[in-house]
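The structure under discussion appears below in the form of C-alpha cells.
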Amino acid sequence: MIRVLLADDQALMRAGFRALLDAEDDLEVVGEATDGTSAVQLSRRLRPDVVLMDVQMPGLDGIEATRRIAADPDLTATHVLILTNYGLDSYVFAALRAGASGFLLKDADPADLLQAIAVVARGDALLAPAVTRTLISEFVSGPPPAEPAAGRDVLTTREQEIVELVGKGLSNDEIALRMVISPLTVKTHVNRAMMKLHCRDRAQLVVWAYESGLVTPRRR
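Encoded structure:
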C-alpha cells in the first residue's frame with residue numbers, strides 16, 4: 000500500500016486527485032494539506048510515502064515545503080512529486096534542487112499520475128532522459144557555478160564518467176551501451192555515487208553534476 004499526502008490549496012483539485020487515488024487498491028490518501036506549512040507538518044506526523052505537492056500555495060510555497068521535507072532526517076522515506084500547471088519552467092529546476100523526486104503536469108493523464116506515484120514511491124526519480132535533456136537545455140545553460148559543489152574527489156574515475164553521462168540525460172541502458180558494460184553495473188555505480196554524494200535520487204544527481212562542474216552546459 001502506497002500512502003499519499005495531497006498538498007494543494009484548491010479543494011476541487013484535491014477532491015479530483017483523491018477520487019482517482021481512492022479507486023486504486025494499492026493507494027491510500029492519508030491526508031490533505033492546503034498550504035506548504037501544513038504539508039510539512041502532516042508529512043512529519045503521517046510519514047507518507049509520496050507527497051503530491053503543488054508549487055504555488057499561500058504562505059509557504061511548494062518549493063520551500065519540499066526543501067524542508069527533503070532535509071528532515073526523519074522523512075528519508077518520504078518522496079515529493081511536484082505537480083505544476085506550468086510545464087518546464089523555472090519552478091521545475093528549483094523543485095529538483097530542493098529535493099523533489101520528480102514532477103508532473105496537473106493535466107497529465109490519470110494513468111501517468113498513477114505510474115508517477117509508483118515510480119517515486121519505490122525511490123526512483125521521475126526524470127526520464129528526454130525530460131532531463133529538456134531541463135538541461137532550459138535551465139542549466141548558464142555559466143557554471145563560481146564555486147563548484149564539493150565531492151568530486153570522493154568518486155572513482157568510472158563513477159565520474161557515469162555521473163557525467165547521467166547529467167547529460169542518458170539512461171542506464173544508453174550508458175551501458177556507450178561504455179560496453181551491463182545496465183546492472185551502471186546502476187550499481189549510480190547508486191554508489193548517490194550514496195557518496197548524499198543525493199536522494201537520480202534527479203539530485205543530475206543537479207549535482209552541473210553544480211559540481213562535472214558537466215559543462217552548452218552555450219546556445
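Position 205, counted from 1, in the sequence shown is what numbering that gives the first Met the number 0 calls 204; the numbers after and before it change by one each time, with no gaps. Quick reminder that beta carbons are idealized off the backbone N, C-alpha and C, glycines included. Treat the numbers as computed from the prediction; the structure is a model and nothing was measured.
Residue i: buried (16+ other C-beta within 10 angstroms of its C-beta) or exposed?
i    : result
L196 : buried
T77  : buried
D7   : buried
V179 : exposed
D24  : exposed
P109 : exposed
R218 : Residue confidence is low: R218 scores 49 on pLDDT, short of 50, so the model does not pin down where it sits. No coordinate-derived value is stated.
L41  : buried
M56  : buried
Return yes when the Cβ of residue j is within less than 8 Å of the Cβ of residue i, no when it is not.
i    : j    : result
L80  : M52  : yes
G35  : L59  : yes
V29  : L11  : no
T83  : L112 : no
S211 : R157 : no
V153 : V189 : no
R2   : D71  : no
I161 : A115 : no
Assuming residue i contacts residue j under a Cβ cut-off of 8 Å, what Cβ separation, rounded to an integer in Å, is found between them?
i    : j    : result
A94  : T65  : 6 Å
D73  : R43  : 7 Å
R199 : A117 : 17 Å between Cβ atoms; not a contact.
Tell me the rounded alpha-carbon separation between residue i and residue j.
i    : j    : result
W207 : T215 : 12 Å
F102 : Q159 : 26 Å
R67  : V50  : 13 Å
A14  : T33  : 12 Å
S181 : R121 : 22 Å
G61  : A107 : 19 Å
T155 : V119 : 28 Å
T187 : G168 : 18 Å
*asked:* Does the segment 201–210 come into contact with the segment 172–183, if we say contact requires no fewer than three beta-carbon pairs (one atom in each stretch) closer than 8 Å?
replied: no
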